[in-house]
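I have placed the structure first, in the form of C-alpha cells, so that the comments after it can refer back to it.
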Amino acid sequence: MAFAIRCIIRGSVRVTREGRRQMKKSLVILLACGSLFAGAAEIGGVKLDDTAKVSGQDLVFNGGGIRTKYGIAKVYVAGLYAAQKTNNADAVVNAVTPRRVVLSMLRKVEAEKLHESLLDGLEENTTEAEFAALQPRLKEMNAIFQGVKEVKEGDLIALDFLPGKGTQITVRGQIRDVIGGDDFSRALLRVWLGKKPVSDSLKSGMLGGK
Numbered sequence: 001m002a003f004a005i006r007c008i009i010r011g012s013v014r015v016t017r018e019g020r021r022q023m024k025k026s027l028v029i030l031l032a033c034g035s036l037f038a039g040a041a042e043i044g045g046v047k048l049d050d051t052a053k054v055s056g057q058d059l060v061f062n063g064g065g066i067r068t069k070y071g072i073a074k075v076y077v078a079g080l081y082a083a084q085k086t087n088n089a090d091a092v093v094n095a096v097t098p099r100r101v102v103l104s105m106l107r108k109v110e111a112e113k114l115h116e117s118l119l120d121g122l123e124e125n126t127t128e129a130e131f132a133a134l135q136p137r138l139k140e141m142n143a144i145f146q147g148v149k150e151v152k153e154g155d156l157i158a159l160d161f162l163p164g165k166g167t168q169i170t171v172r173g174q175i176r177d178v179i180g181g182d183d184f185s186r187a188l189l190r191v192w193l194g195k196k197p198v199s200d201s202l203k204s205g206m207l208g209g210k
C-alpha cells in the first residue's frame with residue numbers, strides 16, 4: 001500500500017513538473033509574440049512597422065493617422081518616423097537626423113491629383129519667396145509623379161528626409177529620385193506638420209496624439 005501511495009505521489013509530482021515545463025514554454029512563446037508586435041500600430045486597417053532604418057539610422061514610429069478628403073473619402077494612412085519620439089512639430093521639421101513619412105494608399109488616386117495636393121500643402125506653409133525658390137525642385141517632383149501616373153489601394157510611398165542630401169521618394173519599393181535641399185525637405189514635411197497642415201487630426205496623430 002505504502003509503495004502504491006509513493007508511486008501515486010511521484011506520478012503527481014511528475015505531472016506537476018511537466019505542467020510547469022509546458023507553462024514555461026507557453027510563456028516563452030507568448031513573450032516572443034509580444035516582442036514581435038510591441039509598439040506596432042494599426043491605423044485604418046493598415047499595419048505600420050514600429051521601426052524603420054533610413055540612411056543607416058534606426059528610426060521609431062512617432063505616430064500616424066488617416067488623410068481624408070472632404071471629411072469622408074479616406075485617401076491614405078500616413079506614418080511618421082523619427083530618431084526619437086516627440087510631439088513637437090518644429091523639432092521634427094528642423095531635425096538634423098533622418099526622418100521618414102510613409103503613405104499607404106487607401107484608394108486609387110491619379111498621381112497628378114496627389115501631386116497637386118502636396119503642392120497646395122507646400123504653398124500653404126511657405127512664404128511667397130520660399131515657394132518661388134522651390135520651383136525647380138517642384139518641377140522635379142512633378143516629373144516623378146508624372147512617371148508614376150497613378151497609385152492604387154495598398155501602394156506605399158516612402159518619403160525619406162536625408163539631412164545634407166535631400167528628399168528620397170520611393171514608390172512601390174522603387175526609388176524614383178532624390179530631390180536636393182534641406183529647405184525642400186522642411187517645406188514638404190510642413191505639408192503634414194506645418195501651421196496649416198492638410199489635416200489637423202492627421203498632424204496630431206503623426207505627433208503621437210489621438
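Numbering (the UniProt record's numbering), first residue to last: 1 to 210. Backbone N, C-alpha and C fix where the C-beta goes; we use that ideal spot for every residue, glycine too.
Checklist entry - Residues in its own chain within less than 6 Å of residue 43 by CB, not counting five upstream and five downstream? => result To locate residue 43, count along the sequence shown from 1; it is residue 43. Hits under 6 Å: 64 and 77.
Item to check | residue 152 versus residue 97: straight-line alpha-carbon distance, rounded | outcome: Counting from 1 along the sequence shown, the entry for residue 152 is found at position 152. Counting from 1 along the sequence shown, the entry for residue 97 is found at position 97. Roughly 31 Å between the two C-alpha positions.
Item to check | Residue range of the beta strand (DSSP E) that includes residue 43 | outcome: Taking the first residue of the sequence shown as position 1, residue 43 is located at position 43. Unbroken beta strand (DSSP E) run through residue 43: 41-43.
Next on the checklist: Since residue 177 and residue 140 should fall inside the 8 Å C-beta cutoff, what is the C-beta to C-beta distance between them, to a whole number of angstroms?
Outcome noted: Here residue 177 refers to the residue found at position 177 of the sequence shown. Here residue 140 refers to the residue found at position 140 of the sequence shown. That pair is a contact at about 7 Å.
Checklist entry - By Cβ distance, which residues of its chain are closer than 7 Å to residue 110, with the 5 residues on each side in sequence left out? => result The count along the sequence shown starts at 1 and reaches residue 110 at position 110. Excluding sequence neighbours, residue 110 sits near 150.
Checklist entry - In or out: residue 191 buried (at least 16 other Cβ within 10 Å) or exposed? => result For the purposes of this step, residue 191 is taken as the residue at position 191 of the sequence shown. By the 10 Å Cβ count, residue 191 comes out buried.
Checklist entry - Taking the alpha-carbon positions, what's the residue 92 to residue 129 distance? => result Taking the first residue of the sequence shown as position 1, residue 92 is located at position 92. Taking the first residue of the sequence shown as position 1, residue 129 is located at position 129. Roughly 23 Å between the two C-alpha positions.
Item to check | alpha helix (DSSP H) runs wholly inside the region 110-162, at least 4 long, in chain order | outcome: 111-124, 128-133 and 135-148
Next on the checklist: With a threshold of 6 Å on Cβ separation, who are the neighbours of residue 45 within its own chain once the five nearest residues in sequence on each side are excluded?
Outcome noted: Translated into the one-based positions of the sequence shown, residue 45 becomes position 45. The answer is none, since no qualifying residue turns up.
Checklist entry - Buried or exposed: residue 121, going by 16 or more other Cβ atoms within 10 Å of its Cβ? => result Position 121 of the sequence shown, counted from the start, is the residue given in the question as residue 121. Result: buried.
Checklist entry - Hey, how far is the Cα of residue 29 from the Cα of residue 50? => result Here residue 29 refers to the residue found at position 29 when the sequence shown is read from its first residue. Here residue 50 refers to the residue found at position 50 when the sequence shown is read from its first residue. Any answer about residue 29 is weak, because its pLDDT of 35 lies below 50 and its placement is not dependable; what the coordinates show is given next. Taking the straight line from one Cα to the other gives about 20 Å.
Checklist entry - Can you name the start and end residues of the beta strand (DSSP E) that residue 78 belongs to? => result For the purposes of this step, residue 78 is identified with residue 78 of the sequence shown, where counting begins at 1. 73-82 is the span of the beta strand (DSSP E), which, as asked, contains residue 78.
Checklist entry - In terms of residue numbering, what span does the alpha helix (DSSP H) encompassing residue 202 cover? => result Locating residue 202 in the sequence shown gives position 202, where the first residue counts as 1. Looking at the DSSP string, the run of the alpha helix (DSSP H) that includes residue 202 is 200-206.
Next on the checklist: Between residue 196 and residue 125, how many whole angstroms is the CB-CB distance? I'm expecting something under 8 Å.
Outcome noted: The sequence position of residue 196 within the sequence shown is 196, counting from 1. The sequence position of residue 125 within the sequence shown is 125, counting from 1. Yes, they are in contact, since the Cβ atoms of residue 196 and residue 125 sit about 6 Å apart, within 8 Å.
Checklist entry - By how many angstroms is the C-alpha of residue 74 removed from the C-alpha of residue 168? => result Position 168 of the sequence shown, counted from the first residue, corresponds to residue 168. Position 74 of the sequence shown, counted from the first residue, corresponds to residue 74. Rounded to whole angstroms, residue 168 to residue 74 spans 25 Å at the Cα level.
Item to check | Spatially closest choice to residue 62 from 41, 54, 85 and 53, by CA coordinates | outcome: As a first step, residue 62 must be located in the sequence shown, where it is residue number 62. Among 41, 54, 85 and 53, the Cα nearest to that of residue 62 is on 85.
Next on the checklist: Give me the residue from 118, 113 and 102 with the minimum Cα distance to residue 161.
Outcome noted: Locating residue 161 in the sequence shown gives position 161, where the first residue counts as 1. When only C-alpha atoms are compared, the closest one is 102.
Checklist entry - Which partner residues does residue 52 have in the DSSP bridge list? => result For the purposes of this step, residue 52 is taken as the residue at position 52 of the sequence shown. In DSSP, residue 52 forms a bridge with 59.
Item to check | Exposure of residue 70, with buried meaning 16 or more beta-carbon neighbours within 10 Å | outcome: Sequence index remark: in the sequence shown, residue 70 carries index 70 (1-based). Exposed is the call here.
Checklist entry - Do residue 99 and residue 189 have their CB atoms nearer than 8 Å? => result As a first step, residue 99 is located in the sequence shown; it is residue number 99 there, counting from the start. As a first step, residue 189 is located in the sequence shown; it is residue number 189 there, counting from the start. Cβ distance < 8 Å, so residue 99 and residue 189 count as in contact.
Next on the checklist: Taking only three categories from DSSP, how would you classify residue 189?
Outcome noted: Taking the sequence shown and counting its residues from 1, one reaches residue 189 at position 189. The answer is helix: DSSP assigns residue 189 an H, G or I state.
Next on the checklist: Quick check on the DSSP output: the alpha helix (DSSP H) that includes residue 93 runs from which residue to which?
Outcome noted: Position 93 of the sequence shown, counted from the first residue, corresponds to residue 93. Segment 89-93, the alpha helix (DSSP H) holding residue 93.
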